[in-house]
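Q: The structure that follows is given in the form of structure tokens.
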Amino acid sequence: MAPIFIFIILHWYVSLFFQSFFYHRYAAHNLCSMSRGWEKFFHLCSFVTHGTSYMSTGSYGIMHRLHHAHTDEEDDPHSPHYSPNALTLMWKTRNSYQDVVQGRIPIEEKYTKDIPAWPALDRIAHNWISRVVWALIYVGIFVWLSTEWWHFLFLPLTIASAAFQGLVVNWWAHKFGYENYKMTNTSKNIIPVDLFFAGEAYHNNHHKHPGRANNAVRWFEIDPTYQIMRVMNFLHIIRLKKMTAVD
Ligand SMILES: [Zn+2]
Ligand SMILES: [Zn+2]
843 MAPIFIFIIL HWYVSLFFQS FFYHRYAAHN LCSMSRGWEK FFHLCSFVTH
893 GTSYMSTGSY GIMHRLHHAH TDEEDDPHSP HYSPNALTLM WKTRNSYQDV
943 VQGRIPIEEK YTKDIPAWPA LDRIAHNWIS RVVWALIYVG IFVWLSTEWW
993 HFLFLPLTIA SAAFQGLVVN WWAHKFGYEN YKMTNTSKNI IPVDLFFAGE
1043 AYHNNHHKHP GRANNAVRWF EIDPTYQIMR VMNFLHIIRL KKMTAVD
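Our numbering applies: residue 843 is where the sequence shown begins, and numbers increase by one.
Laid out in structure tokens, this is it:
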């Protein structure tokens, strides 16, 4: 395998893990707790792995909670049922994100409660200088490791990794896949064995049980992010929230 593909694949999975574990399950849903030191460490890891597509944990958490509260409704920040295609959904999501980041829309306290934030890091990471520097770093890695011109076709995937990962769930997981639960929303599990999206593909399960750290429910479903969280829980890096019957 060409070295650039080892980098692309590693970057995809590591950045996806931090989006799934740190942004989604910890920041938005508070499904585990951790010390301030570990929180800062994982926040830094998210910055380093997301690079160009770094998002504020606060704004991500608010948008995601709004998605759960208004799934498939007009107030859903990224419903595919109000966007004609994946690109327009991506653009709408970007605008919703900017509305939250810039404080252009009023947000109720329940949507901001207990979301970890690091404003100092946001100021460094969340500006165009940082994004350009990261883009140049990725271009440099591609120049270094690529052996064919078409390898550069994968550069946008690396530069906008977090946006693509969000799009997969926001678009496909509300359009295509199978359902374990009949819901009043359109959430689907994209694939039975989630080897590509770190357990985020079990979106129908997640909408049914947003209080569970484990998105897998059937015998053949495996949630890689949850398995890593179990190891971190065993090592006392995090403390998994106890699940209840209604989770
Ligand atoms: Zn959803
Ligand atoms: Zn969620």
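All C-beta atoms in this analysis are idealised placements derived from N, C-alpha and C, irrespective of residue type, glycine included.
Closer than 6 Å from C-beta to any heavy atom of ligand 2: which residues, in chain order?
A: That query returns the following residues: His866, Ala870, His871, His906, His910, His1048 and Pro1052.
Q: For ligand 1, is there any heavy atom lying closer than 8 Å to the beta carbon of histidine 1045?
A: Along the sequence shown, read from residue 1 onward, the residue named residue 1045 stands at position 203. Indeed, a heavy atom of ligand 1 lies less than 8 Å from the Cβ.
Q: Looking only at its own chain, which residues have a Cβ that is under 8 Å from the Cβ of isoleucine 850, when we skip the five neighbours before and after it?
A: As a working mapping, residue 850 is identified with position 8 in the sequence shown. Phe996, Leu999 and Thr1000.
Q: On a CA-only basis, which of Ile1080, Tyr865, Ala1005 and Thr894 is nearest lysine 1166? Give me that one, please.
A: For the chain, the structure presents residues 843 to 1089; residue 1166 sits outside this window and is missing.
Q: On the DSSP bridge assignment, give the partners of cysteine 874 in chain order.
A: Counted from its first residue, the sequence shown places residue 874 at position 32. According to DSSP, cysteine 874 bridges with Leu1082.
Q: Which one or two residues does DSSP pair with tyrosine 1044 in a beta bridge?
A: Within the sequence shown, numbered from 1, the residue matching residue 1044 stands at position 202. According to DSSP, which records beta bridges pairwise, tyrosine 1044 is partnered with Asn1031.
Q: Can threonine 913 be considered in contact with ligand 1, in the sense that its beta carbon sits closer than 8 Å to one or more heavy atoms?
A: Here residue 913 refers to the residue found at position 71 when the sequence shown is read from its first residue. Yes, ligand 1 has a heavy atom inside 8 Å of this Cβ.
Q: What residue range is occupied by the uninterrupted alpha helix (DSSP H) comprising glycine 982?
A: As a first step, residue 982 is located in the sequence shown; it is residue number 140 there, counting from the start. Unbroken alpha helix (DSSP H) run through glycine 982: 970-987.
Q: Can you round the beta-carbon distance between serine 895 and phenylalanine 864 to whole angstroms, since I take them to be within the 8 Å contact cut?
A: For this step, residue 895 is matched to residue 53 along the sequence shown. For this step, residue 864 is matched to residue 22 along the sequence shown. At roughly 14 Å, the Cβ-Cβ gap does not stay under 8 Å, so serine 895 and phenylalanine 864 are not in contact.
Q: Verify the contact flag: histidine 1016, CB atom, against every heavy atom of ligand 1, threshold strictly below 8 Å.
A: The residue labelled residue 1016 in the question sits at position 174 within the sequence shown. It does: the Cβ of histidine 1016 is within 8 Å (strictly closer) of some heavy atom of ligand 1.
Q: Using 8 Å as the Cβ pair cut-off and three pairs as the minimum, do the segment 889-908 and the segment 945-964 touch?
A: Enough Cβ pairs lie closer than 8 Å, so yes.
Q: Under a three-way DSSP split, which group does tyrosine 1068 fall into?
A: Here the question's residue 1068 lines up with position 226 in the sequence shown. Tyrosine 1068: helix per DSSP, three-state reduction.
Q: Could you check whether the Cβ of serine 1029 sits closer than 8 Å to any heavy atom belonging to ligand 1?
A: For the purposes of this step, residue 1029 is identified with residue 187 of the sequence shown, where counting begins at 1. Flag set: Cβ of serine 1029 near ligand 1.
Q: Buried or exposed: aspartate 1036, going by 16 or more other Cβ atoms within 10 Å of its Cβ?
A: Numbered from its first residue, the sequence shown carries residue 1036 at position 194. Aspartate 1036 comes out buried.
Q: Pull up the distance between the alpha-carbon of threonine 913 and that of valine 975, whole angstroms please.
A: The residue given as residue 913 occupies position 71 in the sequence shown. The residue given as residue 975 occupies position 133 in the sequence shown. Their Cα atoms are separated by approximately 36 Å.
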